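Presented below is the structure to which this report refers.
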Amino acid sequence: MSRKTLTFALMDPPYESENLTTAFRLLDVAARRGYNLNVFAYEGAAGLAFTRQVPHPNPVHGKNVAEENHPTTKDQVAALLVEAQKNGGKVDWVNCGMCVDERGVNEFVPGTRRGSPADFHAFTEASDNVLVIPTK
Amino acid sequence: MAKKTLNIVESAYRAVMEEQDDTIMWLLAAMQGAGAEHTVVLRGNAVNYAVAGQGVPGLTVGEWKQTQAPKMDRDLVDLIEKRKIPVYIVEEDLAERGIERGELVPGVKLVSRTALPGLFAEHVLVSHW
Numbered sequence: 506m507s508r509k510t511l512t513f514a515l516m517d518p519p520y521e522s523e524n525l526t527t528a529f530r531l532l533d534v535a536a537r538r539g540y541n542l543n544v545f546a547y548e549g550a551a552g553l554a555f556t557r558q559v560p561h562p563n564p565v566h567g568k569n570v571a572e573e574n575h576p577t578t579k580d581q582v583a584a585l586l587v588e589a590q591k592n593g594g595k596v597d598w599v600n601c602g603m604c605v606d607e608r609g610v611n612e613f614v615p616g617t618r619r620g621s622p623a624d625f626h627a628f629t630e631a632s633d634n635v636l637v638i639p640t641k
Numbered sequence: 004m005a006k007k008t009l010n011i012v013e014s015a016y017r018a019v020m021e022e023q024d025d026t027i028m029w030l031l032a033a034m035q036g037a038g039a040e041h042t043v044v045l046r047g048n049a050v051n052y053a054v055a056g057q058g059v060p061g062l063t064v065g066e067w068k069q070t071q072a073p074k075m076d077r078d079l080v081d082l083i084e085k086r087k088i089p090v091y092i093v094e095e096d097l098a099e100r101g102i103e104r105g106e107l108v109p110g111v112k113l114v115s116r117t118a119l120p121g122l123f124a125e126h127v128l129v130s131h132w
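Protein chains in written order, with this note's numbering: chain R, 506 to 641; chain B, 4 to 132.
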């Protein structure tokens, strides 16, 4: 049986909603199953792979940087790429170029790339299924 | 003397996994440390923050694992006991969700919707989050 290809369109910015947690749970399972994954990171989601994200301490919790171990989405993106590769799948993660420019988040996790809505169209045409997780 | 502020928190579980806490509860705790004087009213879905024993496993992506997943009941107890911030729960919103008083963390106070104007009158500012 041929390897399935799934496309996800994400739209929420990091640190603003639970939508991305759901998205990463789904992406993780798909990567573990060896699916090929396309991700179109649109609007605020263009910041998910921004490499300058820095974990911070949490003075309210009384924890330093190491103790708080604050998650960053760039680490989650990087882990996704590794997991997919480990299981024979591949990830084509596209950061919407105009979205990236207007936000100034144009330094990506290696293995992700700049793209456009045309990539999302191509993903849609070539995928077994497409899941859009929009901002509501 | 700080202006007494009543904070009505309605938005719930928004970005708590990524921030490892609720952004408004965190803000109020931090401001209290800077000398602010806050009171909290949890209404709508936010009443669930007061349910004791809640929590979720951290997010996992491949080999990456979240180790400090949020615990909203713990943070609420911290507000009440450590920060001395009064926390009220709208009792009708609890009832609508089938949550019993005995399920809540200690220290929270129930308030009816009809009693809210009295709370408003006790504060200089009212912020609705």
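Every residue, glycine too, gets a C-beta built ideally from N, C-alpha and C.
Because the structure is a prediction, the values reported are computed rather than measured.
(message) I'd like to know whether the C-beta atoms of G110 (chain B) and I83 (chain B) end up nearer to each other than 7 Å.
(response) yes
(message) Here's a check: name, in chain order, each residue in its chain whose Cβ is nearer than 7 Å to the Cβ of G38 (chain B), leaving out the five neighbours to either side.
(response) A5
(message) Using only the alpha-carbon positions, how far apart do V544 (chain R) and L107 (chain B) sit?
(response) 41 Å
(message) Here's the rule: buried if 16 or more other CB atoms are within 10 angstroms of the residue's CB, otherwise exposed. What is H575 (chain R)?
(response) buried
(request) Taking N574 (chain R) as the query, report the chain B residues whose CB atoms sit under 7 Å from its CB, ordered along the chain. (result) T70, Q71
(message) If the criterion is Cβ atoms closer than 7 Å, does the pair L79 (chain B) and T42 (chain B) meet it?
(response) no
(request) Pull up the distance between the alpha-carbon of K591 (chain R) and that of G65 (chain B), whole angstroms please. (result) 9 Å
(request) Going by DSSP, name the residue or residues bridged to W598 (chain R). (result) R:V544, R:T617
(request) Examine the Cβ distances between the region 576-590 of chain R and the region 614-627 of chain R and report whether three or more of them are shorter than 8 Å. (result) yes
(message) Determine whether the beta carbon atoms of T512 (chain R) and F628 (chain R) lie at a separation below 7 Å.
(response) yes
(request) Determine the direct distance from the alpha carbon of V50 (chain B) to that of V605 (chain R), and round the result to whole angstroms. (result) 37 Å
(message) So within the region 48-77 of chain B, which uninterrupted alpha helix (DSSP H) runs reach at least 4 residues, ignoring any that extend past its ends?
(response) none
(request) Please compile the residues from chain B whose C-beta is within a distance smaller than 9 Å of the C-beta of R530 (chain R). (result) L62, T63, V64
(request) Jot down the residue ranges of each uninterrupted beta strand (DSSP E) in the region 80-131 of chain B, minimum 3 residues, whole runs only, in chain order. (result) 90-93, 112-114, 128-131
(message) Against A551 (chain R), what residues of chain B qualify as contacts under a CB-to-CB distance less than 9 Å, listed in chain order?
(response) Near A551 (chain R) there are no residues of chain B at all, since even the closest Cβ is about 16 Å away, more than 9 Å.
(message) In this structure, how does DSSP classify E13 (chain B) when only helix, strand and coil are distinguished?
(response) coil
(request) Kindly confirm or deny that the region 594-614 of chain R and the region 86-99 of chain B touch, where touching means at least three C-beta pairs closer than 8 Å. (result) no
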